[in-house]
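Residue numbers (our numbering): 25 to 388.
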Amino acid sequence: MSSETLKNLIRPDIADMAPYTPIVPFDVLSQRLGIPAEDIIKLDANENPYGPSPRVYQALADETYYHIYPDPDSTLLRQALSQYTGIDATHIVAGHGADELIDLLIRLFIAPGDAVINCPPTFGMYRFDTELNGGRIIDIERKEDFSLDIEKIVEIVNSSSNIKILFVTSPNNPDGGMLGDACLRQLLQLPLIVVLDEAYIEFAGGSRADWVLEHENLIVLRTFSKWAGLAGLRVGYGIFPHWILSHLLKIKQPYNVNLAGATAALASLSDLCHLQENVEKIVEERERLYQGLREFDFLEPYPSHANFILARVINRDAAALKAMLAERGILIRYFDTPRLHNHVRISVGTPSQTSVLLKTLSTL
Ligand SMILES: *Cc1c(COP(=O)(O)O)cnc(C)c1O
Numbered sequence: 025m026s027s028e029t030l031k032n033l034i035r036p037d038i039a040d041m042a043p044y045t046p047i048v049p050f051d052v053l054s055q056r057l058g059i060p061a062e063d064i065i066k067l068d069a070n071e072n073p074y075g076p077s078p079r080v081y082q083a084l085a086d087e088t089y090y091h092i093y094p095d096p097d098s099t100l101l102r103q104a105l106s107q108y109t110g111i112d113a114t115h116i117v118a119g120h121g122a123d124e125l126i127d128l129l130i131r132l133f134i135a136p137g138d139a140v141i142n143c144p145p146t147f148g149m150y151r152f153d154t155e156l157n158g159g160r161i162i163d164i165e166r167k168e169d170f171s172l173d174i175e176k177i178v179e180i181v182n183s184s185s186n187i188k189i190l191f192v193t194s195p196n197n198p199d200g201g202m203l204g205d206a207c208l209r210q211l212l213q214l215p216l217i218v219v220l221d222e223a224y225i226e227f228a229g230g231s232r233a234d235w236v237l238e239h240e241n242l243i244v245l246r247t248f249s250k251w252a253g254l255a256g257l258r259v260g261y262g263i264f265p266h267w268i269l270s271h272l273l274k275i276k277q278p279y280n281v282n283l284a285g286a287t288a289a290l291a292s293l294s295d296l297c298h299l300q301e302n303v304e305k306i307v308e309e310r311e312r313l314y315q316g317l318r319e320f321d322f323l324e325p326y327p328s329h330a331n332f333i334l335a336r337v338i339n340r341d342a343a344a345l346k347a348m349l350a351e352r353g354i355l356i357r358y359f360d361t362p363r364l365h366n367h368v369r370i371s372v373g374t375p376s377q378t379s380v381l382l383k384t385l386s387t388l
């Protein structure tokens with residue numbers, strides 16, 4: 025039988041889906057440009073330029089049980105996370121990145137036709153997982169200053185049915201702005217689940233993880249990818265009300281967190297001083313990058329509370345700017361959505377990376 029005939033076996037909604045635009049992997053790009061991988065300045069995915077704690081490498085080398093399936097409950101990791109967050113371990117679930125928990129939450133709440141409120145511009149996975157799971161996305165655009173349009177959210181929730189989840193992000197990716205306490209409190213009054221994504225909270229401070237204890241409709245998501253430099257090992261976690269957690273555990277793959285990820289996350293939590301110093305360096309560097317970008321008359325950066333800076337490109341083409349930097353081994357993120365027309369997002373690197381970036385920008 026031909027693949028043309030067999031193609032009808034694919035779920036029609038997935039058959040019709042636009043293909044994923046693959047990113048050029050780091051090592052492939054290094055080959056293509058003839059620049060050694062360690063000399064590429066990768067500021068396009070909000071990764072941590074300092075990498076993991078040295079204890080992570082030691083712990084991974086010392087681990088001897090790689091032939092045994094990992095603990096489905098991630099017991100030791102959840103205990104350590106309880107120390108780190110101050111929240112009882114019975115409220116914590118670990119995941120294969122925060123991304124896995126976003127997918128699981130949508131599967132838990134969204135039946136075909138149910139809706140998720142998304143507040144773009146924001147992280148893309150809320151939309152991706154909702155659509156993949158047969159849910160409806162209701163986009164409520166952020167205001168000019170990237171704050172949430174609370175009145176519009178309230179109005180939509182009050183006038184529609186089957187809205188189950190609202191995703192909010194603080195600091196928000198890509199602008200780095202925060203969601204204030206009063207706004208969050210207002211959103212928690214709504215009859216839906218509020219998922220607060222705190223992937224970048226270590227760069228900002230002021231986690232609302234403990235609010236989960238007082239709000240049966242709040243979930244807080246966190247990750248080791250950004251502050252702890254473990255993006256490649258995929259470890260995230262969520263703080264959940266007990267009633268949600270008990271259902272979530274029914275649909276979680278038992279071995280979702282692999283042993284390397286759990287080992288690395290535990291080693292990270294045992295080396296907080298070191299990792300927090302790196303976070304402080306990044307926060308300091310963020311201010312230097314912001315001031316440096318402001319010097320260019322073709323860039324208008326927005327103040328950020330995360331480890332990246334969004335900037336509007338003025339009077340020149342952002343895509344071309346990104347391409348020129350890439351040719352010189354500097355990778356930044358470019359957006360071409362209507363709302364982020366001609367914007368770029370630059371992750372905060374090391375001081376020497378910032379220097380090279382600013383120097384290169386001055387030649388373009
Ligand atoms: C990077 C990012 C994540 C992904 O976290 P992982 O733990 O790496 O899956 C989640 N949310 C936001 C807003 C992010 O920017």
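Ideal Cβ placement from N, Cα and C applies to all residues, glycine included.
(1) Is there at least one non-hydrogen atom of ligand 1 closer than 7 Å to the beta-carbon of ASP199?
(2) Please state whether DSSP places GLU311 in a helix, a strand or coil.
(3) Mapping the DSSP letters down to three states, classify ASP205 as helix, strand or coil.
(4) Contact defined as beta carbons within less than 8 Å: I believe ALA335 pairs with GLU324. What is the distance between those atoms, to the nearest angstrom?
(5) What is the rounded straight-line gap between the Cα of LEU172 and the Cα of ASN142?
(6) I'd like to confirm the pairing. Which residues does DSSP put opposite ILE354 in its beta bridges?
(7) What first and last residue would you give for the beta strand (DSSP E) that runs through PRO325?
(8) For a test of the three-state rule: what should DSSP assign to GLY110, helix, strand or coil?
(9) Determine the burial state of ALA251: buried for a count of at least 16 other Cβ atoms within 10 Å of its Cβ, exposed for fewer.
(10) Please confirm whether ALA122 and THR247 have their CB atoms less than 8 Å apart.
(11) Could you tell me if MET202 is buried or exposed, where buried requires 16 or more neighbouring beta carbons within 10 angstroms of its beta carbon?
(12) Just verifying my parser: in three-state terms, what is the DSSP assignment at VAL117?
(13) Enumerate in chain order the residues of its own chain whose CB-to-CB distance from SER54 is below 7 Å, with the five nearest sequence positions on each side excluded.
(14) Does the contact criterion of 3 or more C-beta pairs under 8 Å hold for the segment 346-356 versus the segment 375-386?
(15) Where DSSP assigns a beta bridge to TYR93, which residues make up the other side?
(16) Indicate, with yes or no, if ligand 1 has a heavy atom lying under 7 Å from the CB of ASN280.
(17) At a cut-off of 7 Å, is PHE147 close to ligand 1 when judged by its beta-carbon and the heavy atoms of the ligand?
(18) Using the Cα positions of HIS289 and TYR261, report the straight-line distance between them to the nearest angstrom.
(19) Within the continuous beta strand (DSSP E) that includes VAL337, where are the two ends?
(20) Rounded to whole angstroms, what's the CA-CA distance from GLU72 to PHE332? Just pull it up for me.
(21) Helix or strand or just coil, what does DSSP make of SER294?
(22) Leaving aside the five residues before and after GLY253 along the sequence, list all residues of the same chain whose C-beta is less than 7 Å from its C-beta, in chain order.
(23) In this structure, does DSSP put ASN142 in helix, strand or coil?
(24) Based on the DSSP secondary-structure assignment, which residues constitute the bridge partners of ARG102?
(25) Quick check: is any heavy atom of ligand 1 less than 7 Å from the C-beta of ASP68?
(26) Taking the C-alpha atoms as reference points, what is the distance between ASP169 and CYS207?
(27) Taking only runs of the beta strand (DSSP E) that begin and end inside the segment 136-181, which ones reach a length of at least 3 residues, in chain order?
(28) Based on DSSP bridge pairs, tell me the residues matched to ILE263.
(29) Ordered along the chain, which non-local residues of its own chain (more than five positions away) have a Cβ less than 8 Å from that of LEU388?
(30) Keeping to the same chain, check which residues put their C-beta closer than 8 Å to that of SER106; ignore five residues upstream and five downstream.
Walking through what the data contain:
(1) no
(2) helix
(3) In the three-state scheme derived from DSSP, where H, G and I count as helix and E and B as strand, ASP205 is classed as helix.
(4) 6 Å
(5) If I take the Cα positions, the gap works out to 10 Å.
(6) ILE65
(7) Where PRO325 is concerned, the enclosing beta strand (DSSP E) starts and stops at 323-325.
(8) coil
(9) According to the sequence provided, residue 251 is Trp. The question's Ala does not apply to it. Taking a 10 Å sphere around the C-beta of TRP251, we find 16 or more other C-beta atoms and assign the residue as buried.
(10) For the 8 Å CB-CB criterion, ALA122 and THR247 form a contact.
(11) buried
(12) strand
(13) Scanning its chain for C-beta atoms nearer than 7 Å, with the 5 sequence neighbours on each side dropped, one finds around SER54 the residues PRO60, ALA61, ILE64, in chain order.
(14) yes
(15) For TYR93, which the question treats as bridged, DSSP gives no partner whatsoever.
(16) The answer is no for ASN280.
(17) yes
(18) Looking at the sequence provided, one finds Ala at residue 289 rather than His. Roughly 11 Å between the two C-alpha positions.
(19) 332-337
(20) Looking at the sequence provided, one finds Asn at residue 72 rather than Glu. Taking the straight line from one Cα to the other gives about 10 Å.
(21) coil
(22) ASN72, TYR74, GLY75, PRO76
(23) In this structure, ASN142 counts as strand in the three-state DSSP scheme.
(24) None, per the DSSP bridge assignment.
(25) no
(26) Taking the straight line from one Cα to the other gives about 15 Å.
(27) For the segment 136-181, whole beta strand (DSSP E) runs of length 3 or above, ordered along the chain, are 139-142, 160-163.
(28) ILE116, VAL244
(29) So the list reads LEU345, MET348, LEU349, once near-sequence residues are dropped.
(30) ASP112, ALA113, ILE116
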